[in-house]
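Chemist: Residue numbers (the numbering used here): 6 to 428.
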Amino acid sequence: MFQKTLRRLTLVNSIVFLVIFIIFGGTLYGYVARQIFDDIDESMERRVNAFRIPNIRPRDGGPPLIFFESRILILLRDIEGKIINLHTYPIEGLPSEVLDFLETASTEKWQTQKIDYHVYRILSTPYLYTDETIVFKDRPIKVKDVIAISIVDSELAMLRRFLFIIFIGQLIGMTAIVLGSYYLARRALVPIQAAWEKQQQFVADASHELRTPLAVIKSNAELLLRRPEHTIELETIRITNVIRETIRMSKLVSTLFTLARADANQMEIEAVPILLNEIIDRVVEQFEPLAQMQGVFLDVKCSDTIWLVADRERLHQLFVILLDNAIKYTSQAGNIQIICRKHSSKVLIQVKDTGCGIFPADLPYIFERFFRGDKVRSRKNGGAGLGLAIAQWIVEKHEGKIWVESQVGIGTQVYVTLPIETL
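(1) Determine the direct distance from the alpha carbon of Val288 to that of Gln397, and round the result to whole angstroms.
(2) At what residues does the beta strand (DSSP E) containing Asn340 begin and finish?
(3) Does Gly86 come out as helix, strand or coil in the three-state DSSP assignment?
(4) Would you tell me roughly how many angstroms separate the C-alpha atoms of Phe167 and Ile197, rounded to the nearest one?
(5) What did DSSP end up calling Ile20 once you bin it into helix, strand or coil?
(6) Return the CA-CA distance between Gly442 and Phe29, expressed in angstroms with no decimal places.
(7) Please state the DSSP three-state secondary structure of Arg367.
(8) Kindly give me the distance between the Cβ atoms of Ile354 and Cys345, rounded to whole angstroms, as I take these residues to be in contact under 8 Å.
(9) Looking at the structure shown, is Arg144 part of a helix, part of a strand, or coil, going by DSSP?
(10) Going by beta-carbon coordinates alone, are Phe372 and Glu214 separated by less than 8 Å?
(11) Have a look at Gln322, Leu228, Arg82 and flag the residue whose alpha-carbon is nearest the alpha-carbon of Leu107.
(12) Please report the straight-line C-alpha distance between Ile425 and Arg319, rounded to a whole angstrom.
(13) Tell me whether the beta-carbon of Ile284 lies closer than 8 Å to the beta-carbon of Arg317.
(14) Rounded to a whole number of angstroms, what is the C-alpha to C-alpha distance between Leu368 and Asn330?
(15) Opposite Asp329 in the DSSP bridges: which residues?
(16) Based on Cα-Cα distance, which residue from Leu323, Gly392, Gly414 lies nearest to Thr422?
(17) Please go through the stretch 175 to 228 and give each complete beta strand (DSSP E) segment of 3 or more residues, from N-terminal end onward.
(18) Over the uninterrupted alpha helix (DSSP H) stretch that includes Asp286, give me the two end residues.
(19) With 16 other CB atoms within 10 Å as the buried threshold, where does Lys203 fall?
(20) So, helix, strand or coil for His321, using DSSP?
(21) Is Phe302 helix, strand or coil when you go by DSSP?
(22) Residues in its own chain within less than 8 Å of Trp312 by CB, not counting five upstream and five downstream?
(23) In three-state DSSP terms, what is Phe397?
(24) His403: buried (16+ other C-beta within 10 angstroms of its C-beta) or exposed?
(25) Look up Glu160 in the DSSP assignment and say whether it is helix, strand or coil.
(26) DSSP state of Ser308, grouped into three classes?
(27) Does the beta-carbon of Glu238 have 16 or more other beta-carbons within 10 angstroms, so that it is buried, or is it exposed?
(28) Going by C-alpha distance, which of Lys347, Ser186, Arg39, Met163 is nearest Ile20?
(29) For the candidate residues Phe172, Ile152, Thr245, whose alpha-carbon lies nearest to that of Tyr132?
(30) Could you tell me the distance, in whole angstroms, from the CA atom of Lys149 to the CA atom of Tyr125?
(31) Please report the distance separating the alpha-carbon of Thr180 from that of Gly174.
(32) Assess contact between the stretch 295 to 310 and the stretch 258 to 275, defined as three or more Cβ pairs (one per stretch) separated by less than 8 Å. Is contact present?
(33) Roughly how many whole angstroms lie between the Cα atoms of Val409 and Ile415?
(34) Distance, Cα to Cα, Tyr420 vs Gln412?
(35) Hey, Leu23 and Ala190: beta-carbon distance below 8 Å or not?
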């Protein structure tokens with residue numbers, strides 16, 4: 006499935022970037038070509054608009070004095086349509102094919118023509134001083150149009166080279182785009198694939214966790230049906246098993262629902278001013294009987310009065326999870342300490358136990374859902390491996406941090422830092 010998605014993403018990304026690249030190349034070529042020919046056209050128009058022949062006979066039979074730009078040739082067309090070449094400089098030996106073309110061509114203003122292996126840019130405009138008569142080669146003539154001609158071979162050659170460079174750049178760019186699109190598609194699929202695998206594992210683990218209590222309930226119910234003559238008193242053990250597994254399954258479903266809502270950002274934090282010491286005392290009071298039954302000593306060390314702006318219910322849930330884990334994995338005559346103190350603009354909370362500890366290989370995974378170490382988080386303790394995942398979510402929602410340090414046979418320390426906001 007992911008390979009098909011990878012190919013599709015690569016194709017879509019490649020097409021999008023290729024279209025952008027082609028449009029950019031075409032726009033760049035069009036802009037350069039327009040700028041080049043705009044400069045030529047502007048020079049020709051400026052030359053034509055400023056052109057005027059003095060109405061005098063040239064001295065010594067030579068042509069009249071004409072000011073010109075180095076690459077523009079000025080020709081005239083008389084009222085009979087004949088072309089008059091007053092000065093052939095700088096284009097000496099103007100081909101007769103050009104003159105023939107001008108005499109027979111239309112009188113449109115701008116033309117670009119290829120004549121005798123050369124490309125000419127031609128501008129034809131009416132002569133502004135039509136009431137004047139000039140003398141050319143001992144005969145009077147009336148000028149109808151002024152024609153400016155410029156050879157644009159070099160510009161076209163430059164544009165062809167530029168187009169070739171763009172084409173080569175497009176080929177190289179297309180190859181780079183395809184490779185880059187494939188790389189980006191792979192990078193984009195990494196978190197998606199990880200989330201998919203995590204979801205698959207989550208569903209598998211949840212199914213496994215639910216299957217066990219359902220199997221226990223089913224087996225005990227079948228045993229009850231096999232002995233319909235028995236009273237409730239005689240089947241107390243099986244009924245107790247059903248109730249216990251139902252409670253366990255209900256707790257698991259509630260926890261899964263909490264995580265699902267957290268993943269969907271449907272659970273909001275209701276931040277209000279709270280006294281952290283009060284919440285810790287309530288949780289310790291709640292677990293005190295259980296700790297006494299297991300012979301575990303609970304000790305709270307909070308020297309400061311600490312106020313926070315946080316969600317009261319979520320912080321209560323956080324400490325319930327941490328203390329529950331600590332009591333589960335602390336043997337008889339063990340100690341559990343809850344230490345909290347201010348540290349700069351944060352509060353540091355430490356839950357320290359003298360339990361069995363966590364193997365170093367398991368530490369990187371303890372916040373993953375349904376994770377339980379082989380010896381540390383055994384099923385007989387009743388945990389599903391979801392408590393620390395919820396604890397991490399609560400801490401992160403409060404913009405804090407949580408981490409664990411542990412040594413096998415010595416104990417575990419859970420550290421939580423939460424920001425202190427000014428009330």
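Even for Gly, the Cβ is constructed at its ideal location relative to N, Cα and C.
Fair warning: this is a prediction, and the values are worked out from it, not measured in the lab.
Modeler: Checking against the coordinates, here is how it stands:
(1) 18 Å
(2) 340 to 348
(3) coil
(4) 43 Å
(5) In the three-state scheme derived from DSSP, where H, G and I count as helix and E and B as strand, Ile20 is classed as helix.
(6) Only positions 6 to 428 of the chain appear in the structure, and residue 442 is not among them; the question remains open.
(7) The residue asked about is misnamed: residue 367 is Asp in this sequence, not Arg. Three-state DSSP puts Asp367 in coil, outside helix and strand.
(8) 5 Å
(9) Strand at Arg144.
(10) no
(11) Arg82
(12) Cα to Cα, Ile425 sits roughly 16 Å from Arg319.
(13) yes
(14) Approximately 15 Å between the Cα atoms of the pair.
(15) For Asp329, which the question treats as bridged, DSSP gives no partner whatsoever.
(16) Leu323
(17) none
(18) 281 to 298
(19) exposed
(20) helix
(21) strand
(22) Pro278, Ile279, Leu280, Leu281, Ile425, Leu428
(23) As written in the sequence, residue 397 is Gln, which differs from the Phe given in the question. Of the three classes helix, strand and coil, the one that applies to Gln397 here is helix, per DSSP.
(24) So His403 ends up on the buried side.
(25) helix
(26) coil
(27) Looking at its Cβ environment, which holds fewer than 16 other Cβ atoms inside 10 Å, Glu238 is exposed.
(28) Ser186
(29) Out of Phe172, Ile152, Thr245, the CA that lies nearest to the CA of Tyr132 is found in Ile152.
(30) 21 Å
(31) 10 Å
(32) no
(33) Going from the Cα of Val409 to the Cα of Ile415 covers about 14 Å.
(34) 15 Å
(35) no
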